[in-house]
Amino acid sequence: MAFDQDTVRRTAHLARIALPQTEIPAVADQLERIMGLVEELRAIETTDVPIMAHPLDLDQPLRPDTVVNQDQREVLMASAPAAEHGLFLVPKVIE
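Residue numbering for the sequence shown follows UniProt numbering, beginning at 1 and increasing consecutively.
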C-alpha cells in the first residue's frame, strides 16, 4: 500500500491527529516501512504452527486459593464519615 502525502493528511484528519505539514513526508515514509513489515509477516507460512497463548511454554505457578484477610468491615467502617448497614453513604451528586 502506498502512503502518499495526501493519504497521510486524510488519515491524520480522520484520526484527529494534528500533524504539521513538515512532518507529513517522514510519517508517510514510516507508514510505508510499517506496511512493508506487515507484508513480510503475511508472506510467512504459518499453517503448521500451533496456536499458542504465549511464545514461551511455561507453567504458570499458582498459589493456593485461601482466605488471607479476615472480615475487617467494622474496623474499616469506623473511619467513614457516614455509614449505614455496613455501606458507605456518599452525598448525592446527580439530581
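For glycine and all other residues, C-beta sits at the position ideal for the given N, C-alpha and C.
Just to confirm before moving on: does the CB-CB distance between residue i and residue j stay below 9 angstroms?
i          : j          : result
residue 37 : residue 8  : no
residue 52 : residue 3  : no
residue 24 : residue 43 : no
Looking at the strands, I want to know which residues DSSP matches up with residue i.
i          : result
residue 15 : According to DSSP, residue 15 bridges with nothing at all.
residue 87 : 84
How close, in whole Å, do the beta carbons of residue i and residue j come, if the pair is a contact with beta carbons under 8 angstroms?
i          : j          : result
residue 14 : residue 27 : No, residue 14 and residue 27 are not in contact; Cβ-Cβ is about 14 angstroms, not under 8 angstroms.
residue 89 : residue 82 : 4 angstroms
Cα-Cα, which of the options is closest to residue i?
i          : options          : result
residue 86 : 52, 94 and 72    : 72
residue 22 : 5, 76, 91 and 16 : 5
Could you give the first and the last residue of the continuous alpha helix (DSSP H) run that contains residue i?
i          : result
residue 29 : 24-42
residue 74 : 73-77
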